[in-house]
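Line order of the protein sequences matches chains A and B.
Residue numbers for the first sequence follow this note's numbering, beginning at -13 and rising by one.
Residue numbers for the second sequence follow this note's numbering, beginning at 314 and rising by one.
Here is the structure we will look at.
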Amino acid sequence: MQVGFQTPRVQQPDSLTVDSDARERVRSAGRVRLDHLTLSFVDYLILALYFGFVLGIGWLVKRRVSTAEEFLTSGRSVPVWITSLAFIAANLGAQEVIGMCASGAKYGIMTAHFYWIGAVPAMLFVGVFMMPFYYGSRARSVPEYLKLRFDEKTRGLNAIAFAIMTLFSSGISMYALGILFQLVLGWSFTASVLLSAAIVLVYTFLGGLTSAIYNEVLQFFLIVLGFAPLSILAVTKAGGWKGVSANIPQVMTHSWTHLAKASDNPMGVEIFGLAAGLGFVLSFGYWCTDFLVVQRAMAANSMSAARRTPLIAAFPKMFMPFVVIVPGVAALALSHMAVGYSIPLKPDGGPNYDLVLTTLMAQFYPSGILGLGLTALMASFMSGMAGNVTAFNTVFTYDIYQGYIRRNETDAHYFTVGRITTIAGVALSIGTAYLASYFNNIMDFLQLVFGFVNAPLFATFLLGMFWKRSTGHGAFTGLLSGTLAAAATHGLTVAEGKGGWLGAVVHEFPSTMAQNFWIAIFAWSTCFVVTALVSLMTEPKPESELHNLVFGLTDIPHEKAPPWLQRPAVLAVIVIIVLVGLNLVFA
Amino acid sequence: MNDLRVPIGLFFSIVGVILLITALTSHSTAPIGSENVNLYTGGCMLVFGGLMLWLARRAA
């Protein structure tokens, strides 16, 4: 009956996914007896109140949205504190919340590396170094930046791959939520999928990106305030962090001291694979190039605000492990302490980490706060899905429809297309959610392919933004060969029985996590080298066309001596100091 | 809508009040733990919601 979230994927280091065995088990879950959580009136009241507010925000924002630009890109008008919180909330889907708690119980505090050497350094990089080009180019999307910087085919490749991947990840997360609510609450899969999709559709249709962003801020606070009490209660019950440490193996409460050899830690990774694979390639690839998150910063009301968006977001981001991972670690300790909590089991007797979060809630939350916790789970699902839908409609409308189907239409025309695309995006997501429940292997295969497509992306952007000699032909061939290199690495290596489909097995990894990290490293390196070589052999764009797109040819606006706390470099340094401090405490 | 802090403040204030009422009227506790969780979290929500509303009011 496991829901299966705990294997981090290549394309989104932070989100977790559903493996096929898990789905097989889940499909037969209807026949397995499970004590459902019973909700009382007050729990439903809080859930209903939340739905009311979400729809109300959509309704209020609607009045401000009258053009395609406002609908799809918020017309670059959103204050920085809002874009910052939306920047992390859009990524904080239900799969991440459940998966991080599961990983906390399975791998311990090491899971925090997904934040500390994963997300945060990448967020600093995109804010300090890349945002000037994204925002300054006046591109409306990441694929559009690729068109301005390189050429049409590079943009097309990125736009189409991104649009398809967004739909599938939205559908998969919808599927995961439906299955979870079926297991935990006994709700019908169809009812929870349709109800949550309908609400997301209404508020994104009414207010577009602004509505999604505003709701993401509400969702962010709800997720933090809904899950933080669980973390506090679980750790307190275990006797504080000291009590937690005393009851579980030392490796579970240290993030750095057991990284010298892959066999020393439960993740099966060593320090280079972790730092280069997760810390550099995967995290930079996701946080610096994925339009889902970059779109939030691009909606900010000034260049300075756009640059500060990921930097300000880094502060709450680095403390998120205390809300989403620590409960899992504490759960493991509690299960060793005979206090009435045990890690839930699968039918075959193995631990079912995916249900750790919901079983903790069932044990620690009385009616009332229980409703708030489930509302937070629902909110995390909605923020993830709305993020996908709003990124999808922008890329489809501007990069696919305007790029290849109808080029010169009025703004009103694209506004209508954007709204229809929103409806179509939600409908297709529902379709993929059902596809996921019927064709497990196809979904696994697609996720694998998406991972291959995403792994090399950061090399393309790095060369594009910082080397004016790199060319469109170079970028395109680099991306394709990086994807092939990722596929080849997966085909030639094995980990936990996965991969090795090319026949000859060159290497065996101790865990699929290590395999993912190394696939990313090979894909990135191949893309980097091929892009550079092909660029040197092909004709570069004239410098006049690269203005505001490449380092050295961009005027970074000199705002009249901003207060020092608003300078990107100062903010970045403060983030680094706090980050190093956190890593020392949990070394 | 001009200030997002207003709906956020309202939402958490209302949730805070709901949790406080729950805490004072029923003594339902979770299977583990004897503390009245609704009382503490309800109080925190109300303070957070009030703070948001106050910030919005001050800016207006």
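We treat Cβ as the ideally placed atom computed from N, Cα and C, and that holds for glycine.
Small disclaimer: the values here were computed from a predicted structure and weren't measured.
Go ahead and label residue i buried or exposed: buried means 16 or more other beta carbons lie within 10 angstroms of its beta carbon, across all protein chains shown.
i: A/ARG11; result: Its pLDDT being 44, under 50, A/ARG11 is placed unreliably in this model, and the value from its coordinates should be taken loosely. Per the 10 Å Cβ criterion, buried.
i: A/LEU264; result: buried
i: A/VAL571; result: exposed
i: A/ALA8; result: Note on A/ALA8: pLDDT 45, under 50, position unreliable in the model; the coordinate value appears next. It is buried - the Cβ of A/ALA8 has at least 16 other Cβ atoms within 10 Å.
i: A/PHE438; result: buried
i: A/LEU551; result: exposed
i: A/PRO215; result: buried
i: B/ARG370; result: exposed
i: A/ASP340; result: buried
i: A/VAL492; result: exposed
i: A/ALA177; result: exposed
i: A/ALA34; result: exposed
i: A/ASP29; result: buried
i: A/PHE207; result: buried
i: A/HIS99; result: buried
i: B/LEU337; result: exposed
i: B/TRP367; result: exposed
i: A/ILE185; result: buried
i: A/THR396; result: exposed
i: B/ARG318; result: buried
i: A/SER14; result: With a pLDDT of 42 at A/SER14, under the threshold of 50, the modelled position of this residue cannot be trusted; read the value that follows with caution. Exposed, because fewer than 16 other Cβ atoms sit within 10 Å of the Cβ of A/SER14.
i: A/LEU565; result: buried
i: B/PRO344; result: exposed
i: A/TYR200; result: buried
Please check the pair residue i and residue j, which I expect to be a contact at CB under 8 Å, by giving their CB distance rounded to whole angstroms.
i: A/ILE175; j: A/ILE165; result: The sequence given here has Phe at residue 175 of chain A, not Ile. Indeed, because the Cβ distance is near 7 Å, the residues count as touching under 8 Å.
i: A/LEU356; j: A/LEU171; result: The Cβ separation is near 11 Å, so there is no contact.
i: A/ILE311; j: A/THR97; result: 5 Å
i: A/VAL342; j: A/ALA162; result: About 15 Å separates the two Cβ atoms, so there is no contact after all.
i: A/ARG575; j: A/PHE73; result: No answer is possible for residue 575 of chain A: the residues shown for chain A start at -13 and end at 573.
i: A/ILE505; j: A/HIS476; result: 6 Å
i: A/VAL64; j: A/THR196; result: 7 Å
i: A/SER156; j: A/PHE367; result: So it is not a contact: roughly 10 Å between Cβ atoms.
i: A/LEU268; j: A/GLU256; result: About 16 Å; that fails the 8 Å criterion.
i: A/LEU363; j: A/ALA80; result: 6 Å
i: A/THR380; j: A/SER127; result: 5 Å
i: A/ALA317; j: A/LEU346; result: 6 Å
i: A/ILE32; j: B/VAL328; result: 6 Å
i: A/ALA105; j: A/LYS303; result: 6 Å
i: A/GLY193; j: A/GLY44; result: 5 Å
i: A/LEU71; j: A/ILE209; result: Not confirmed; about 10 Å, so no contact.
i: A/ILE146; j: A/ILE391; result: Wrong, their Cβ atoms sit about 13 Å apart, outside the cutoff.
i: A/PHE136; j: A/GLY468; result: Actually they are not in contact, since the Cβ atoms of A/PHE136 and A/GLY468 sit about 15 Å apart, beyond 8 Å.
i: A/MET253; j: A/MET86; result: Contact flag wrong, Cβ pair sits at about 13 Å.
Cβ closer than 8 Å: which chain C residues qualify as neighbours of residue i?
i: A/GLY42; result: Absence of chain C from the displayed structure is noted, the protein chains being A and B.
Checklist entry - Going along the chain, which residues of the segment 188 to 218 of chain A sit with their C-beta nearer than 7 Å to a C-beta in chain B? => result TYR200, VAL203, LEU204, PHE207, LEU211, PRO215
Checklist entry - Name the residues in the segment 351 to 372 of chain A whose C-beta lies less than 9 Å from a C-beta of chain B; which are they? => result For the segment 351 to 372 of chain A, residues whose beta-carbon sits nearer than 9 Å to a beta-carbon of chain B comprise TYR351, PRO352, SER353, GLY354, ILE355, LEU356, GLY357, LEU358, THR361.
Checklist entry - Which of the residues in the segment 310 to 335 of chain A, read from start to end, lie with their CB under 7 Å from any CB of chain B? => result VAL325, GLY326, TYR327
Checklist entry - Taking three-plus beta-carbon pairs below 8 Å as touching, is the segment 95 to 115 of chain A in contact with the segment 254 to 274 of chain A? => result yes
Item to check | Runs of beta strand (DSSP E) lying entirely within the segment 488 to 540 of chain A, each at least 3 residues, in chain order | outcome: 493 to 495
Next on the checklist: Across the segment 450 to 467 of chain A and the segment 505 to 524 of chain A, are there enough close Cβ pairs to call them in contact, namely three or more that are closer than 8 Å?
Outcome noted: yes
Checklist entry - Enumerated in chain order, which unbroken segments of the alpha helix (DSSP H) with a length of 4 residues or greater are wholly contained in the segment 274 to 300 of chain A? => result 277 to 284
Checklist entry - What are the complete alpha helix (DSSP H) segments, minimum 4 residues, inside the segment 319 to 349 of chain A? => result none
Checklist entry - Taking one C-beta from the segment 45 to 59 of chain A and one from the segment 394 to 403 of chain A each time, how about it: are there three or more such pairs within less than 8 Å? => result Yes, the segment 45 to 59 of chain A is in contact with the segment 394 to 403 of chain A.
Item to check | Within 8 Å of chain B by C-beta, residues of the segment 164 to 190 of chain A in sequence order | outcome: none
Checklist entry - What are the complete alpha helix (DSSP H) segments, minimum 4 residues, inside the segment 95 to 168 of chain A? => result 106 to 111, 117 to 122, 128 to 135
Checklist entry - Taking contact to mean at least 3 C-beta pairs separated by less than 8 Å, is the segment 212 to 222 of chain A in contact with the segment 421 to 435 of chain A? => result no
Next on the checklist: Does the contact criterion of 3 or more C-beta pairs under 8 Å hold for the segment 286 to 296 of chain A versus the segment 304 to 323 of chain A?
Outcome noted: Three or more beta-carbon pairs separated by less than 8 Å are not found between the segment 286 to 296 of chain A and the segment 304 to 323 of chain A, which leaves the two stretches without contact.
Item to check | Proximal residues, the segment 24 to 36 of chain A versus chain B, C-beta separation under 9 Å | outcome: Answer in chain order: SER26, VAL28, LEU31, ILE32, LEU35, TYR36.
Checklist entry - Given 8 Å as the limit, is there contact between the segment 252 to 263 of chain A and the segment 27 to 39 of chain A, that is, 3 or more CB pairs closer than that? => result no
Checklist entry - Is there contact between the segment 117 to 125 of chain A and the segment 329 to 339 of chain A, where contact requires at least three CB pairs shorter than 8 Å? => result Contact between the segment 117 to 125 of chain A and the segment 329 to 339 of chain A is absent, with fewer than three C-beta pairs closer than 8 Å.
Item to check | Near-chain A residues of the segment 320 to 339 of chain B (beta-carbon distance less than 9 Å), N- to C-terminal order | outcome: PRO320, ILE321, LEU323, PHE324, PHE325, ILE327, VAL328, ILE331, LEU332, ILE334, THR335, ALA336, SER339
Checklist entry - Quick one: any contact between the segment 374 to 394 of chain A and the segment 409 to 425 of chain A, if contact means 3 or more CB pairs under 8 Å? => result yes
Checklist entry - Name the residues in the segment 269 to 303 of chain A whose C-beta lies less than 8 Å from a C-beta of chain B; which are they? => result none
Checklist entry - Using a beta-carbon distance cut-off of less than 8 Å, what residues from the segment 60 to 79 of chain A approach chain B? => result When C-beta distances to chain B are compared with 8 Å, the residues of the segment 60 to 79 of chain A below that value are ILE68, in chain order.
Next on the checklist: For the structure I just gave you, are there three or more beta carbon pairs, one from the segment 354 to 373 of chain B and one from the segment 320 to 330 of chain B, closer than 8 Å?
Outcome noted: yes
Checklist entry - What residues in the segment 348 to 364 of chain B bring their beta carbon closer than 9 Å to a beta carbon of chain A? => result GLU348, ASN349, VAL350, ASN351, TYR353, THR354, GLY355, CYS357, MET358, PHE361
Next on the checklist: Which complete alpha helix (DSSP H) runs does the segment 397 to 444 of chain A hold, if anything under 4 residues is left out?
Outcome noted: 397 to 424, 426 to 440
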